[in-house]
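Chemist:
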Amino acid sequence: MHTLEISIYTLGFLIALALLFDFMNGFHDAANAIATVVSTGVLKPQHAVAMAAVFNVIAVFFFQLKVAATVGKGTVEPSIVDHYVVFGALVGAIFWNIVTWYYGIPSSSSHALIGGLVGAAVAKAGTGSLISAGLIKTIAFIVLSPLLGFVFGSIMMVIVSWLFVKSTPRRVDKWFRRAQLISASMYSLGHGGNDAQKTMGIIWMLLIAAGYSSDKDHLPVWVILSCYAAIGLGTLFGGWRIVKTMGQKITKLKPVGGFCAETGGAITLFLATALGVPVSTTHTITGAIVGVGSSRKMSAVRWGVAGNIVWAWVLTIPASAFVAAIAWWIGTKIL
1 MHTLEISIYT LGFLIALALL FDFMNGFHDA ANAIATVVST GVLKPQHAVA
51 MAAVFNVIAV FFFQLKVAAT VGKGTVEPSI VDHYVVFGAL VGAIFWNIVT
101 WYYGIPSSSS HALIGGLVGA AVAKAGTGSL ISAGLIKTIA FIVLSPLLGF
151 VFGSIMMVIV SWLFVKSTPR RVDKWFRRAQ LISASMYSLG HGGNDAQKTM
201 GIIWMLLIAA GYSSDKDHLP VWVILSCYAA IGLGTLFGGW RIVKTMGQKI
251 TKLKPVGGFC AETGGAITLF LATALGVPVS TTHTITGAIV GVGSSRKMSA
301 VRWGVAGNIV WAWVLTIPAS AFVAAIAWWI GTKIL
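For the sequence shown, full-length UniProt numbering assigns the number 335 to the last residue and increments by one with no breaks.
#1: In angstroms with no decimal places, state the Cα-to-Cα distance between L335 and G193.
#2: Output yes or no for whether 7 Å exceeds the beta carbon distance between A266 and M156.
#3: I need the DSSP call for L148, collapsed to helix, strand or coil.
#4: Using alpha carbons as the reference points, say which of A184, L219, L14 and V172 lies closest to V160.
#5: State whether the region 90 to 99 contacts the region 107 to 116, with contact taken as three or more CB pairs (one from each stretch) at a distance under 8 Å.
#6: Please work out which residues of its chain come closer than 6 Å, Cβ to Cβ, to L11, disregarding the five sequence neighbours upstream and downstream, and give them in chain order.
#7: Based on DSSP bridge pairs, tell me the residues matched to L130.
#8: Hey, V86 and L14 are a contact pair by Cβ (cut 8 Å); roughly how many whole angstroms apart?
#9: P255: which of G149, S183 and H283 sits nearest, CA to CA?
#10: Which of the three DSSP states is assigned to H47 in this structure?
#11: Nearest CA to the CA of A324: which residue from A59, Y84 and M24?
#12: Thinking F55 and L189 are a contact (beta carbons under 8 Å), I'd like their distance in whole angstroms, please.
#13: What is the DSSP secondary structure of F259, counted as helix, strand or coil?
#14: With a cut-off of 8 Å on the beta carbons, I'd call G291 and G153 a contact; round off their distance for me.
#15: Mapping DSSP to helix, strand and coil, what is K166?
#16: Rank G232, Q197 and G234 by C-alpha distance to the C-alpha of P220 and give the top, closest one.
#17: Is the distance from the Cβ of A52 to the Cβ of T235 below 7 Å?
#18: Using the three-state DSSP reduction, which class does G211 fall into: helix, strand or coil?
#19: Quick one: give me the first and last residue of the alpha helix (DSSP H) that L65 is part of.
#20: Which of the three DSSP states is assigned to A16 in this structure?
#21: DSSP state of Y103, grouped into three classes?
#22: Note the first and the last residue of the continuous alpha helix (DSSP H) segment covering K124.
#23: What is the rounded straight-line gap between the Cα of I80 and the Cα of S132?
#24: Would A121 pass as a contact of V76 if the rule is Cβ separation under 7 Å?
#25: Specify, as a first and last residue, the run of the alpha helix (DSSP H) that T235 falls within.
#26: In whole angstroms, give me the CA-to-CA distance for I139 and H218.
#27: Please check the pair T268 and S107, which I expect to be a contact at CB under 8 Å, by giving their CB distance rounded to whole angstroms.
#28: When you compare only the Cα positions, how much space is there between I326 and A179?
#29: For my contact list, M205 and P78 are in at a C-beta cut-off of 8 Å; report their separation, rounded to the angstrom.
#30: Note down, in chain order, each residue of its chain lying with its Cβ closer than 6 Å to the Cβ of T263, except the 5 sequence neighbours on either side.
#31: Would you mind sorting P278 into buried or exposed? The rule is 16 or more other CB atoms within 10 Å of its CB.
#32: Are there 16 or more other CB atoms within 10 angstroms of the CB of K137, so buried, or fewer, so exposed?
#33: Any idea what DSSP makes of G92, helix, strand or coil?
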């Protein structure tokens, strides 16, 4: 692909904007990793976010960069990517994150970013600029990630119920207060491993377009480290509005339920990251929480709250794409 004429200041601004999105991703999605461990009373909020932030960052040592490759090379044609497309994508994603955070809706930062990319790319070059294979894989997991979370969360709850059927509630609570520290850590690890890589993919796109990197090169180490650091800092500041929705409004959780939901969610995230699929950690943990609640009884889940969350999922990609298309046009005038 041809090299674009991008000033170092514009490049720096867009990288900073990408890291701001990564920070907001951690801030917005902190609830996914800590809501269950906070709502069950196992950890105080400040301790939970600190733990989640640490495991978000050390995920750098555990996962290959397959998700970054999917976002950076497998969503839209690299040949049409320029600084205007990246600007539009980031503005669309950041806008949707702010709106959903303000209203306490646990939506997907991942799909906001994908929607932003799609909207900006289509605004520039039409639907022919999209790579169908990568998009189909991502869109399929909009359904599959909460479904897998639901299945794994339900299975974990059934297994644990059978194993501890003769134990007293007090003993079960004691054991799973400890076990939930492990499950919450694993979920945070999966969250960092999948979500930080999406921003790496955006910065990678930008560096390739500007001629600072080639699509055959490895992702620069400074990009990897800065993205993990940004999402870790974002998680440290935490989005408390969404914690309440995730941890209390969908279903009431005890430590055993929190452990099963986090473990089911972590299994799903590890699987998706290994396959290189950018999934929503929000969708995953929501599905797992609903699975845990419904394994006890269907009425334990507040289906009205769950339905409102699903509507936000449906709107995420088109809403962020629409804003991104407008931002792309504005970007062509000001950048």
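Glycine included, every Cβ here is placed at the ideal spot set by N, Cα and C.
Modeler: Taking the structure as given:
#1: 32 Å
#2: no
#3: helix
#4: V172
#5: Taking a cut-off of 8 Å for Cβ pairs, the region 90 to 99 and the region 107 to 116 touch, as three or more such pairs fall below it.
#6: A210
#7: According to DSSP, which records beta bridges pairwise, L130 is partnered with V76.
#8: 5 Å
#9: S183
#10: The three-state reading of DSSP puts H47 in helix, counting H, G and I together.
#11: Y84
#12: 5 Å
#13: helix
#14: 3 Å
#15: coil
#16: The option with the nearest alpha carbon to P220 is Q197.
#17: Judged by their CB atoms, A52 and T235 are nearer to each other than the 7 Å cut-off.
#18: coil
#19: Here L65 belongs to no alpha helix (DSSP H), and DSSP marks it neither H nor E.
#20: helix
#21: coil
#22: If you look at K124, you'll find it in the alpha helix (DSSP H) that goes S109 to A125.
#23: 15 Å
#24: yes
#25: Where T235 is concerned, the enclosing alpha helix (DSSP H) stretches over V221 to F237.
#26: 27 Å
#27: In fact, because the Cβ distance is near 18 Å, the residues do not count as touching under 8 Å.
#28: Going by the C-alpha atoms only, they are around 47 Å apart.
#29: 7 Å
#30: Sequence-distant partners of T263 (beyond 5 residues in either direction) whose C-beta falls short of 6 Å from its own C-beta, in its chain, are M156 and S183.
#31: Answer is buried; the Cβ neighbour count reaches 16.
#32: With 16 or more other Cβ atoms within 10 Å, it is buried.
#33: helix
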